[in-house]
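Remarks on the structure that follows.
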Amino acid sequence: MSYVKRVLWLAIGSLLCSFAGAQVLSDDNFDRWLAFILPKPAECRFEAIPWRTSLWSAVIDAQKEDKPILLWAMNGHPLGCT
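Taking this note's numbering, I'd label the letters of the sequence shown as residues 15 to 96.
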């Protein structure tokens with residue numbers, strides 16, 4: 015994850031916490047919040063999967079390796095922004 019995305023997520027998280035009446039982000043608790051917000055290695059394991067963006071190339075690879083295919087299809091914006 016890029017530095018800009020990390021800072022953005024940290025800013026969003028601190029904003030949400032301030033609305034919820036939780037702790038406010040400060041120099042003293044910045045490292046703790048950063049460690050809390052950033053994804054753990056176990057949460058990023060999906061990035062190690064060699065995902066295919068073409069169904070046909072996935073079919074060819076799946077047949078060679080005798081493995082199933084997960085087809086993710088949806089209608090609309092992936093973040094629900096319609």
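Glycine residues also receive a C-beta, built at the ideal position from the N, C-alpha and C atoms.
Subject >> Start-end ranges of the alpha helix (DSSP H) lying completely within the segment 51–95, minimum 4 residues >> reply: 69–79
Subject >> Cβ contact check for the segment 49–62 and the segment 18–30: 3 or more pairs under 8 Å >> reply: yes
Original post:
If you run the structure through DSSP and keep just helix, strand and coil, what is leucine 4?
Top reply: Past the edges of the chain, shown from 15 to 96, lies residue 4, and the structure says nothing about it.
**OP:** Taking isoleucine 63 and valine 73 to be in contact with their CB atoms under 8 Å, please state how far apart those CB atoms are, rounded to whole angstroms.
**Re:** No, isoleucine 63 and valine 73 are not in contact; Cβ-Cβ is about 17 Å, not under 8 Å.
Original post:
So what does DSSP say about leucine 30, is it helix, strand or coil?
Top reply: helix
Subject >> Whole-Å CB distance - arginine 66 paired with aspartate 75, under 8 Å assumed >> reply: 7 Å
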